[in-house]
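Take a look at the structure set out below.
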Amino acid sequence: MSDYLRQRVLVTGGAGFLGSHLCEKLLQMGYDVLCVDNFYTGRRDNVIHLMDNRHFEVMRHDICIPLYVEVDQIYNLACPASPIHYQFDPVQTTKTSVHGSINMLGLAKRVKAKIMQASTSEVYGDPIEHPQTEDYWGHVNPIGLRACYDEGKRCAETLFFDYYRQHGLQIKVARIFNTYGPRMHPNDGRVVSNFIVQALSGEDITIYGDGLQTRSFCYVDDLILGFVALMQSPDDFTGPVNLGNPTEITMRELAELILSLTGSSSRIVYKALPADDPIQRRPDITRANTFLSWKPEVPLEEGLKKTIAYFKHLLNV
Ligand code: NAD
Ligand code: UDP
Ligand code: UDP
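Each residue of the sequence shown is one higher than the last, beginning at 1 in full-length UniProt numbering.
Pasting the structure below:
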């Protein structure tokens with residue numbers, strides 16, 4: 001394709017776990033990709049294999065600061081995503097979701113770009129309705145330890161819909177449920193990376209609480225196809241749309257599965273449950289299936305095997 005015909009896509013948070021997979025996919029699809037990241041939780045290693053590609057560019061920048069570039073599409077993924085990281089500097093977390101979204105929406109407005117927000121199942125908080133449909137308004141503690149993330153993301157959704165109504169922006173809002181896969185940060189405290197790293201290094205597997213809380217885990221490749229399908233959906237489809245895998249599992253079952261897949265002899269130990277930790281979570285993905293013809297295809301066991309292989313390589317075990 002001639003270079004001047006290529007569409008330019010901005011991926012904020014492009015050096016993170018999901019962002020790096022998205023950059024890779026967009027390059028494969030023939031886009032020019034601008035990855036903007038402040039490297040707060042992202043790593044150069046996540047995108048090092050793309051650096052030789054002349055259609056790929058990395059820019060160190062914090063999206064809380066205005067950004068003037070010319071692009072056709074924006075995927076706004078910048079935000080620390082794991083509790084350890086987003087609670088380290090909670091004010092900065094809220095700023096990234098709120099000021100960062102305002103800047104990216106202002107940019108989209110100026111250049112008339114389509115813009116997708118990486119929202120989260122955390123907008124549902126500790127849900128009272130189960131499974132969660134997009135019509136559920138959520139159950140969030142506005143002053144709790146998770147609020148900087150949850151309320152920041154909720155406010156970002158408000159901003160997206162107000163820019164849509166007030167300025168006619170083309171917006172897309174994805175509510176992402178727990179996603180796992182290669183390039184998860186080994187120390188970010190998320191359950192899949194924790195259990196795998198613990199199992200591979202022979203450390204105790206730390207279950208928080210009684211381990212009967214549930215989550216539903218989506219493999220990263222499936223999620224990225226969902227992002228692209230959402231961005232390519234008709235203009236009148238804004239979302240919000242749940243993207244996740246509806247197969248629900250308890251943390252105890254997850255620990256057992258990872259122990260068996262790694263052949264590890266690590267012991268399971270029980271630790272205190274963090275405050276405001278949701279008891280159950282499972283997406284209703286009817287909307288994604290109906291409007292995007294999307295559903296996840298990779299079974300948990302298969303995705304875990306690929307993730308374990310990645311961590312084996314990373315940890316050199
Ligand atoms: P990640 O921490 O690996 O990636 C986030 C990236 O954003 C990092 O590269 C980080 O350096 C960058 N970043 C943070 N603040 C920034 C700022 N102010 N300016 C520029 N860059 C900044 O996390 P991830 O799992 O890849 O998550 C990506 C997005 O998806 C996040 O918005 C997250 O809230 C959302 N999400 C992820 C999950 C999941 O399970 N992984 C679930 C729900 C929502
Ligand atoms: N902005 C940006 N890049 C642009 C255009 C705008 O970062 O290309 C920022 C700008 O600094 C502003 C924010 O986006 O603070 C919101 O822009 P908008 O045009 O909606 O509002 P205003 O400029 O009127 O505050
Ligand atoms: N969890 C756990 N052990 C760990 C890390 C997490 O039992 O070492 C639990 C955590 O309390 C939560 C679930 O696993 O109930 C998912 O945690 P994660 O941080 O991955 O995601 P989130 O809570 O944001 O869904």
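Here a beta-carbon is modelled for each residue, glycine too, at the ideal position from N, C-alpha and C.
Close Cβ partners of residue i (< 8 Å) along its chain, the five nearest in sequence each way excluded
i: K306; result: G181, P182, Y219
i: I65; result: N103
C-beta atoms of residue i and residue j nearer than 8 Å
i: T243; j: G226; result: It is worth fixing the name first, because residue 243 is Leu in this sequence and not Thr. Yes.
i: H55; j: D32; result: yes
i: L300; j: F217; result: yes
i: I207; j: Y270; result: yes
i: T96; j: I63; result: yes
i: G16; j: D45; result: no
i: K252; j: G211; result: According to the sequence displayed, residue 252 carries Arg and not Lys. Yes.
6 Å Cβ shell around residue i - same chain, five flanking residues per side excluded
i: A113; result: V71, D72, Q73, I74
i: I128; result: H139
i: G205; result: The displayed chain sequence assigns Ile, not Gly, to residue 205. Taken in chain order, the residues that qualify are F195, Q198, A255, S266, I268.
Cβ neighbours of residue i in the same chain (closer than 7 Å, five flanking residues each side left out)
i: N76; result: T12, S101, M104, I115, M116, Q117, A118
i: G239; result: K172, V173, A174, L230
i: H130; result: Q280, R282
i: A108; result: I74, I115, L169
i: L273; result: Y208, G209
i: V192; result: Y180, M184, F217, T307
beta-carbon residue i near ligand 2 non-hydrogen atom, thresh 7 Å
i: R110; result: yes
i: N38; result: no
i: R103; result: In the sequence as displayed, the identity of residue 103 is Asn instead of Arg. It does: the Cβ of N103 is within 7 Å (strictly closer) of some heavy atom of ligand 2.
Min CB distance residue i to chain B below 8 Å
i: A108; result: No chain B appears in the structure shown, which is made up of a single protein chain.
Any non-hydrogen atom of ligand 3 within 7 Å of residue i CB
i: S82; result: yes
i: I308; result: no
Proximity test, residue i beta-carbon vs ligand 1 heavy atom, cut-off 7 Å
i: G144; result: no
i: L77; result: yes
Three CB pairs or more closer than 8 Å across the segment 156-167 and the segment 278-296: no
Length at least 3, wholly inside the segment 22-70: the beta strand (DSSP E) runs in chain order: 32-37, 56-60
Any contact between the segment 82-97 and the segment 21-29? By contact I mean 3 or more CB pairs, one from each, below 8 Å. no
Contact between the segment 189-196 and the segment 230-239 (3+ Cβ pairs under 8 Å): no
Within the segment 163-247, note down every full alpha helix (DSSP H) run reaching 4 residues or more, in order along the chain. 191-200, 220-231
Sequence ranges, beta strand (DSSP E) only - wholly within the segment 103-152, length at least 3: 114-120
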